[in-house]
């Protein structure tokens, strides 16, 4: 079962409240969730940067062939 980004963000907020209320005991969980979300977002940005680049190149190719 895949956890959505929205669910990860909700979990991060919940753990942040636990840390605020009870101290650093839950800090490793917070770091793990935050890292997972950051990695996902970085992957999306990296892939999208090439998709945008490829789309622009494809548009340029279409112009040159016309």
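Residue numbers (this note's numbering): 4 to 69.
Here a beta-carbon is modelled for each residue, glycine too, at the ideal position from N, C-alpha and C.
Checklist entry - In three-state terms, what does DSSP make of residue 5? => result Walking along the chain shown from the start, residue 5 turns up at place 2. Coil, per DSSP.
Next on the checklist: Between 32, 8 and 50, which has its C-alpha nearest residue 18's C-alpha?
Outcome noted: Indexing the chain shown from 1 puts residue 18 at position 15. Checked all of 32, 8 and 50; the closest Cα to residue 18 is 32.
Next on the checklist: For residue 27 and residue 21, what's the separation of their Cα atoms in angstroms?
Outcome noted: Translated into the one-based positions of the chain shown, residue 27 becomes position 24. Translated into the one-based positions of the chain shown, residue 21 becomes position 18. Cα to Cα, residue 27 sits roughly 9 Å from residue 21.
Checklist entry - With a Cβ-Cβ cutoff of 8 Å, do residue 8 and residue 46 count as a contact? => result Taking the first residue of the chain shown as 1, we reach residue 8 at position 5. Taking the first residue of the chain shown as 1, we reach residue 46 at position 43. Going by C-beta atoms, residue 8 is not nearer than 8 Å to residue 46.
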